Structure formats: C-alpha cells, structure tokens
Amino acid sequence: MNSPVCVFVGDELARYGFGHGHPFGSDRMQAFWDEAVRLGLDKRVQTCAPALATQEQIERFHGHEYVERVKAQSESGEGFLDYGDTPAFPGVYEAAAYVVGTSLAAMERVLSGECRRAFVPIAGLHHARRDGAAGFCVFNDCGVVIETLRVVHGIRRVAYVDIDAHHGDGVYYAFEDDPEMFFADLHEDGRYLYPGTGAAHEHGRGAAAGAKLNIPMRPGADDRDFRAAWPAVVEAMLACSDR
42 MNSPVCVFVG
52 DELARYGFGH
62 GHPFGSDRMQ
72 AFWDEAVRLG
82 LDKRVQTCAP
92 ALATQEQIER
102 FHGHEYVERV
112 KAQSESGEGF
122 LDYGDTPAFP
132 GVYEAAAYVV
142 GTSLAAMERV
152 LSGECRRAFV
162 PIAGLHHARR
172 DGAAGFCVFN
182 DCGVVIETLR
192 VVHGIRRVAY
202 VDIDAHHGDG
212 VYYAFEDDPE
222 MFFADLHEDG
232 RYLYPGTGAA
242 HEHGRGAAAG
252 AKLNIPMRPG
262 ADDRDFRAAW
272 PAVVEAMLAC
282 SDR
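This is how it looks when you write it as structure tokens:
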C-alpha cells in the first residue's frame with residue numbers, strides 16, 4: 042500500500058540478539074511485529090525489507106581495525122566485543138551489518154521521497170564507539186547514517202534527536218566537537234542508569250558548544266515530563282539553525 046510511513050521488518054533483523062537470558066534477545070523483532078499486527082498498524086504502513094551494509098559503509102563511522110576484529114569474532118563466536126555486556130556469537134558481524142544496512146535503506150527512502158518517515162524496530166545502536174562495542178551495540182548505525190549523509194549526499198548540517206531511556210553516548214562523544222551536528226538527547230539521569238553520561242552540562246566542546254543538548258530526566262519519568270521537556274529541544278534546534 043502507499044503510506045507516508047515505511048516500517049522495515051524481516052528475519053534478517055531478528056538475527057541481532059544475544060541469546061536466551063540476555064536482556065537484548067533475538068525475540069524483539071517478532072514481538073514488535075506481533076503487537077503491530079494485533080493493533081492493526083500493519084495495515085497503515087508500508088513494509089520494507091532489511092538491507093545488508095557493506096564493510097565500506099560501516100567504516101564511514103567505525104575504524105577498520107575494529108570492524109576486522111568483529112569479523113574475526115563473528116567466525117569464532119567466542120569472547121566479548123566489549124568488557125562483558127556484548128558477547129560475540131557466530132554471525133554477529135552479519136547481524137550487525139543488517140542493522141546498519143537497514144538504517145541506511147530507511148534514510149535513502151526518506152531522502153528519495155518514497156516515504157516521509159521510516160522506522161527500523163531493531164536499530165538505534167547508539168552506544169557503540171568508533172573503535173569498539175558497548176552496551177549491546179556492535180555497530181553504531183546512527184553514526185554511519187550521519188557520516189553517510191555527509192560523505193555521500195553532501196548534507197553537512199544534521200540534527201540528531203534521541204529519546205531512548207539511555208544516553209546516546211556513542212553518538213554524543215563521536216560528534217562532541219562538531220558544530221554542524223545538532224544533538225538532543227532526553228534520557229534517564231545517568232546517575233541512575235547506564236551509561237552514566239549525558240549530564241546537562243555536557244553541551245558540546247569548542248566551536249560546538251551549545252550545539253548539543255542533554256536533558257537528564259528523573260527515574261520513572263512519564264509522558265507529562267517528556268512533554269514538559271520537549272520545548273527545550275525545539276528551542277535549541279531553532280537557535281542552532283541560526284548559527
């Protein structure tokens with residue numbers, strides 16, 4: 042059907058998960074789609090197939106040495122990709138590459154005008170650093186999309202808004218001193234929740250000071266708190282548009 046919203050679904054995205062008992066299990070994809078069908082939302086969106094990212098695309102954000110290490114541990118299926126949160130498993134490289142590739146496909150559909158909005162249910166792996174995994178995140182699809190907008194499409198000024206409960210530290214610190222990347226993040230206060238970053242005083246460095254906005258929220262913050270905080274994001278975006 043024709044719809045302004047594209048939702049990417051498929052078994053390829055379900056590959057990204059760390060097994061039974063891990064907080065990030067491989068059952069998330071199906072659980073999301075089952076609920077969407079139950080609510081009748083599947084009839085209101087355009088469904089799209091996942092896509093696999095190339096190594097060249099992944100390395101627009103990540104270092105070559107790190108990507109090669111993920112490939113090696115993907116073959117062995119042994120060890121951890123960080124300090125204990127993100128275990129390797131056979132095929133982890135391909136699983137993570139599908140997340141990146143699907144986020145890129147979503148970006149391309151919006152840019153081309155095929156849809157106004159796109160949603161990838163297994164994505165937003167915002168903890169991964171340029172040189173390493175963190176917090177269940179192997180490759181940072183958000184970072185790859187930002188770099189692709191710049192390198193491939195020539196779009197230098199990018200606005201990134203993160204509403205995950207956890208601070209998007211992998212994105213924030215990668216672009217902390219970049220004045221052309223506006224960053225806004227509403228998250229639970231880092232004093233109470235991983236990764237422990239994203240304090241209100243973290244607002245960018247150097248020429249990027251003021252181009253970043255971190256809004257730590259109380260544990261258990263609800264919709265009312267979110268609505269109260271949202272105008273600050275809009276005001277900051279408008280201010281940055283005049284920079």
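Read in order, the letters of the sequence shown are residues 42 to 284 in our numbering. All residues carry an ideal CB built from backbone N, CA and C; glycine is no exception. Just so it is clear, the structure is predicted and the values come from calculations on it, not from any experiment.
Any idea what DSSP makes of residue i, helix, strand or coil?
{"i": "Ala-175", "result": "strand"}
{"i": "Ile-204", "result": "coil"}
{"i": "Val-50", "result": "coil"}
{"i": "Val-199", "result": "strand"}
{"i": "Gly-247", "result": "helix"}
{"i": "Ala-241", "result": "coil"}
{"i": "Val-193", "result": "coil"}
Within the same chain, show all residues whose beta-carbon is closer than 7 Å to that of residue i, passing over the 5 residues directly before and after it, in chain order.
{"i": "Arg-171", "result": "Phe-102, His-103, Gly-104 and Ala-215"}
{"i": "Ala-147", "result": "Cys-47, Phe-49, Ala-159 and Val-161"}
{"i": "Ala-55", "result": "Ser-67, Met-70 and Gln-71"}
{"i": "Gly-118", "result": "Ala-129, Phe-130 and Pro-131"}
Can you name the start and end residues of the beta strand (DSSP E) that residue i belongs to?
{"i": "Met-88", "result": "Per the sequence shown, residue 88 should be read as Thr rather than Met. Note, Thr-88: beta strand (DSSP E), 87-89."}
Please work out which residues of its chain come closer than 6 Å, Cβ to Cβ, to residue i, disregarding the five sequence neighbours upstream and downstream, and give them in chain order.
{"i": "Gly-51", "result": "Ala-90 and Pro-91"}
{"i": "Tyr-57", "result": "Ala-136, Val-140 and Ile-163"}
{"i": "Leu-93", "result": "Ala-138, Tyr-139 and Gly-142"}
{"i": "Asp-182", "result": "Val-140, Val-141, Ser-144, Ala-164 and Leu-166"}
{"i": "Lys-253", "result": "Phe-224, His-244 and Gly-245"}
{"i": "Thr-238", "result": "His-208, Asp-210 and Gly-231"}
{"i": "Lys-112", "result": "Tyr-134"}
{"i": "Asp-219", "result": "Ala-249"}
Please name the residue or residues paired with residue i in a DSSP beta bridge.
{"i": "Glu-287", "result": "For residue 287 there is no data in the structure shown, the boundaries of the chain being 42 and 284."}
{"i": "Phe-224", "result": "Tyr-201 and Lys-253"}
Just to confirm my understanding: we take residue i, look at its own chain, exclude 5 residues before and 5 after, and list those with CB closer than 8 Å. What are they?
{"i": "Val-199", "result": "Ile-187, Leu-190, Arg-191, Glu-221, Met-222 and Phe-223"}
{"i": "Pro-260", "result": "Glu-229, Asp-230, Tyr-233 and Leu-234"}
{"i": "Thr-127", "result": "Phe-59, Phe-121, Ala-174, Ala-175, Gly-176, Phe-177, Cys-178 and Val-179"}
{"i": "Asp-266", "result": "Met-258 and Arg-259"}
With residue i as the anchor, note down where its alpha helix (DSSP H) starts and where it stops.
{"i": "Val-275", "result": "264-282"}
{"i": "Ala-215", "result": "210-215"}
Quick one: is residue i near chain C, going by C-beta distance under 8 Å?
{"i": "Ala-55", "result": "Among the chains in the structure shown there is no chain C, since it carries only a single protein chain."}
Less than 7 Å separating the Cβ of residue i from some heavy atom of the ligand NAD?
{"i": "Ile-204", "result": "Only the bare structure without any ligand can be found here, which leaves the ligand NAD out of the picture."}
**OP:** Would you mind listing the alpha helix (DSSP H) stretches within the segment 126-190 that are 4+ residues and don't spill past its ends, in chain order?
**Re:** 133-153
**OP:** Could I get the ranges of all uninterrupted alpha helix (DSSP H) runs contained in the segment 69-123, with 4 residues as the minimum, in chain order?
**Re:** 69-79, 96-99 and 105-117
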